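Under my numbering, read the sequence shown as residues 64 to 417, first letter to last.
Where a beta carbon is used, it is the ideal one built from N, C-alpha and C, also for glycine.
Only a predicted model underlies this, so the values are computations on that prediction, with no experimental measurement involved.
Written out below as structure tokens is the structure these notes cover.
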Amino acid sequence: MTSFLKTLLALFGLLGACMGHAQNYPAPQTGVWVAKDFRFHTGEVMPELRLAYTTVGNPRGEPVVLLHGTTSAGGSFLSPDLGGELFGPGQALDAQKYFIILPDALGAGRSGKPSDGLRTQFPRYNYDDMVAAQHRLLTEGLGLRHVRMILGNSMGGMHTWVWGITHPDFMDVLVPMASTPNQMSGRNWMMRRFIIDSIRQDPAWMNGQYTSQPPSLQFANVFFATATSGGDQGLYRKAPTREQADRLLDQSLKAPSTADANNHLYLWEASRDYNPNPHLEKIKATVLAINSADDERNPPSLGLMEKALQRMPTARLFLIPASEQTSGHGTTGQAKWWKEAVSSVLATAPVRGK
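Pasting the structure below:
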């Protein structure tokens with residue numbers, strides 16, 4: 064066999080391995096359910112609210128729900144770093160055992176949102192509304208009365224805390240990631256205000272009636288992401304010189320974007336009154352909180368998580384150590400750091416009433 068042929072076969076083998084890894088779980092299915100007469104916390108009612116979702120696995124399997132971060136969508140869990148590490152045979156959320164449900168949050172993905180036509184006439188929703196929409200999707204739309212686990216990342220992590228206090232009997236396990244059960248405050252809220260105010264004060268926003276995306280949108284998003292995600296060591300590893308830092312920033316500022324200003328405004332502002340802290344004693348599920356030591360939005364140095372966990376006898380914290388391989392608030396976007404912890408809690412947490 065020639066060296067060329069050996070090389071070609073090796074390349075085909077590598078390609079096959081990569082494809083196999085990308086397809087190591089059943090093909091995702093997508094759907095849309097319409098909630099009738101959806102009432103927002105403001106008292107406004109939408110006659111029809113579209114709620115989209117993706118599922119992986121057999122509907123007869125144990126249901127688990129995964130909740131995405133701000134400006135993302137349920138399909139983000141299908142990435143190699145998440146679904147590729149979780150949904151395959153023998154993995155933590157093996158799709159042969161679990162029925163995996165990935166909702167698109169109210170205001171995001173293919174679910175109802177301002178850019179569908181109402182623009183700033185869309186009801187000014189908050190996290191309570193978003194969780195209420197998820198609850199109606201799961202119970203009325205998919206016919207579920209109980210799930211094994213709700214896991215959420217970033218905004219989804221905050222939604223997970225809200226789930227625990229508003230529907231304490233609905234799940235056995237809660238896994239809130241990259242979040243704390245404390246009110247929106249400090250740097251976390253200040254940086255969100257930068258995005259919100261930058262868009263609103265941009266003349267091109269035109270009170271939400273713009274004909275092209277305001278230029279402040281991408282700048283504010285990149286500013287926020289750089290300031291509150293990436294990790295000190297992680298960003299330094301990527302950009303150890305001023306030239307490399309400039310190049311990394313320029314790539315982000317010039318990257319193609321399909322973001323919509325009104326959608327982003329609503330999503331970031333939805334966190335304004337988030338505060339499950341006064342109600343933590345209502346949580347009945349086993350709680351595995353997962354954070355990273357270099358999370359810029361939820362810094363462990365504040366000690367907020369430790370104080371909260373003391374009030375929940377079935378809760379514990381899994382803190383991912385900071386390193387040049389972690390990425391601050393973005394660390395939990397890679398399941399390799401926490402998949403074993405989730406597998407362990409699923410194997411040991413008691414099954415509660417269904």
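Item                                                                                                           : Value
Option in 188, 206 and 118 with minimal Cα separation from residue 166                                         : 118
For residue 341, the three-state DSSP class (helix, strand or coil)                                            : helix
beta-carbon residue 174 near the ligand ADP non-hydrogen atom, thresh 7 Å                                      : Among the components modelled here there is no ligand, and therefore nothing to report on the ligand ADP.
Three CB pairs or more closer than 8 Å across the segment 141-151 and the segment 88-100                       : yes
Proximity below 8 Å, CB of residue 234 to CB of residue 212                                                    : yes
When 96, 133 and 106 are compared against residue 329, the one with the closest alpha-carbon                   : 133
Stretch-stretch touch, CB-based, cutoff 8 Å, three pairs: the segment 282-297 with the segment 386-397         : yes
Residue span of the alpha helix (DSSP H) that contains residue 94, given as start and end                      : Per DSSP, residue 94 belongs to no alpha helix (DSSP H); it is in the beta strand (DSSP E), 92-102.
Nearest neighbour of residue 343, chosen from 359, 375 and 357 [CA to CA]                                      : 375
Classification of residue 413 by the beta-carbon crowding that lies within 10 angstroms, buried from 16 upward : exposed
Assigned secondary structure, residue 171 (DSSP; H/G/I helix, E/B strand, else coil)                           : coil
Contact check, residue 385 vs residue 404, beta carbons under 8 Å                                              : no
Given residue 314 as reference, the closest of 103, 324, 289 and 326 once Cα atoms are compared                : 289
Alpha-carbon spacing of residue 322 relative to residue 382, whole angstroms                                   : 32 Å
DSSP beta-bridge partners of residue 125                                                                       : 161
Limits of the alpha helix (DSSP H) - the one that residue 225 falls within                                     : 218-229
Member of 171, 176 and 126 whose CA lies at the smallest distance from the CA of residue 214                   : 126
Paired residues, beta bridge with residue 212 - DSSP                                                           : 127 and 236
Host alpha helix (DSSP H) of residue 368 (start-end)                                                           : 367-372
Whole-angstrom distance between residue 121 and residue 378, CA atom to CA atom                                : 30 Å
Nearest-angstrom beta carbon gap, residue 99 and residue 111 [assumed within contact, 8 Å]                     : 6 Å
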